[in-house]
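Engineer: Reading the sequence shown from the start, the letters are residues 1 to 101 in this note's numbering.
For glycine and all other residues, C-beta sits at the position ideal for the given N, C-alpha and C.
All values derive from a computational prediction rather than experimental measurement.
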Amino acid sequence: MSYPVVSRTFPVTPLATMLAGYSRQMIADIVAEVMTTERVLTLRQHPLDPTEFVPIILKYPKQNPQQFEQYYKWYSKYVPIGVRRVLEMETKNKNTKKEKK
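1. Relative to the alpha-carbon of Thr9, which residue among Thr17, Pro47, Gly21 has its alpha-carbon at the smallest distance?
2. Could you tell me the distance, in whole angstroms, from the CA atom of Tyr72 to the CA atom of Ala20?
3. Taking just the CA atoms, how far does Val31 sit from Glu52?
4. Is it buried or exposed for Leu41, if we count other Cβ within 10 angstroms and need 16 for buried?
5. Is it true that the CB of Val6 sits closer than 8 Å to the CB of Leu43?
6. Determine the DSSP secondary structure at Lys77, reduced to helix, strand or coil.
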């Protein structure tokens, strides 16, 4: 389900940071709980705020770290963009370590 009235300036990064470690289905359930019919109808008058997701997020348990690590390994191995991003991050970390020395 998409929500075309959500502002393009909605801060996605803080929300994505809060949702790190949750499965795709859990994220879909959280969004569905927040974006009720009543809330969707009031989006134009009262823009969406990431803090609206916090009480709902706290109801759902995070995945355990081993599951998240397995997902991260799979993602970095099989997703080309993920592979490039991991390489970029490793290169960036190496460069910052060299600059500190």
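Structural biologist: Looking at the coordinates:
1. Looking at the Cα atoms, Pro47 is the closest of the given residues.
2. So the two alpha carbons sit approximately 11 Å from each other.
3. When rounded, the distance between both Cα atoms is 10 Å.
4. Leu41 sits exposed, since fewer than 16 C-beta atoms from the chains shown fall within 10 Å of its C-beta.
5. With contacts defined by Cβ atoms closer than 8 Å, Leu43 and Val6 form a contacting pair.
6. Three-state DSSP puts Lys77 in a helix.
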